[in-house]
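First up is the structure itself, then whatever we jot down about it.
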Amino acid sequence: DIYAYKYEDGPGPNCKPLAFDLKGGPKSPWNDKVIGLLLEELQRRGDQESWPFRRSEAYFREVLQDHYKCLRTVWMAAQPKDTAKGGLETPEEVEQRLIMKKDEALKVTRQTTHRKNTDGNKKDLPAWQWLQQLVRTLGEGGMSSEESDVENDIETVLCVKNMTWCRAIERELDMIDHQRMVDDDIF
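Numbering (the numbering used here), first residue to last: -11 to 175.
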């Protein structure tokens, strides 16, 4: 069908068994027609369902072409490759190659994430050291609490002291409280 359509002998793609020509590019005559059919369907559905947003045909065409490129990349990677013996890979070998490639990509991602997290901790260390020194300097009296405790039916109400310097570090103290809630095992 694709060959016949390319040389103007065949009817071309239709909506029922809609399929891309994965050997051709996104702008091949067959794929251009498939994308055109998908655009028509998008426009029809947008009008029928009264979508709250409108996008241009060029926008949708570019999105569909990008999705086609992703699909083609996955398809190309799953094609059997030549082996060292000169034959093609078996389906099991293709599957094993794809699994190994995915595992390697995940390993690299984990290493990169670990590196970023480790480097971020090193950059934050002076700020956390300063905050620790600040809390030690303030002591219990400097860290007023806005929470109330009830023990043995006796309600203890803690009053917040208005100190002129306190507002300048309120954000930092809130950050410490938030971090304590998120990761309480560090305190």
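C-beta: ideal position from N, C-alpha, C; glycine also.
*How would you write the range of the alpha helix (DSSP H) that Lys(-6) sits in, first residue to last?*
Walking along the sequence shown from the start, residue -6 turns up at place 6. Note, Lys(-6): alpha helix (DSSP H), -10 to -6.
*What's the C-alpha gap between Glu92 and Arg98?*
Here residue 92 is taken as the residue at index 104 of the sequence shown, counted from 1. Here residue 98 is taken as the residue at index 110 of the sequence shown, counted from 1. Approximately 10 Å, taken between the alpha carbons.
_Buried or exposed by the 16-neighbour rule on C-beta atoms within 10 Å, applied to Asn197_ = A query on residue 197 cannot be resolved here, the shown segment of the chain reaching from -11 to 175 and no further.
*How long is the line joining the alpha carbons of Pro68 and Leu76, rounded to whole angstroms?*
For the purposes of this step, residue 68 is taken as the residue at position 80 of the sequence shown. For the purposes of this step, residue 76 is taken as the residue at position 88 of the sequence shown. Cα-Cα distance, rounded: 6 Å.
*Can you check whether the CB of Leu25 is closer than 8 Å to the CB of Phe48?*
The sequence position of residue 48 within the sequence shown is 60, counting from 1. The sequence position of residue 25 within the sequence shown is 37, counting from 1. In this structure, Leu25 does not lie closer than 8 Å to Phe48 by Cβ.
*asked:* So within the region -9 to 76, which uninterrupted alpha helix (DSSP H) runs reach at least 4 residues, ignoring any that extend past its ends?
replied: 17 to 36, 45 to 65
*What first and last residue would you give for the alpha helix (DSSP H) that runs through Asp165?*
Reading the sequence shown from its first residue, position 177 is the one you call residue 165. 158 to 170 is the extent of the alpha helix (DSSP H) around Asp165.
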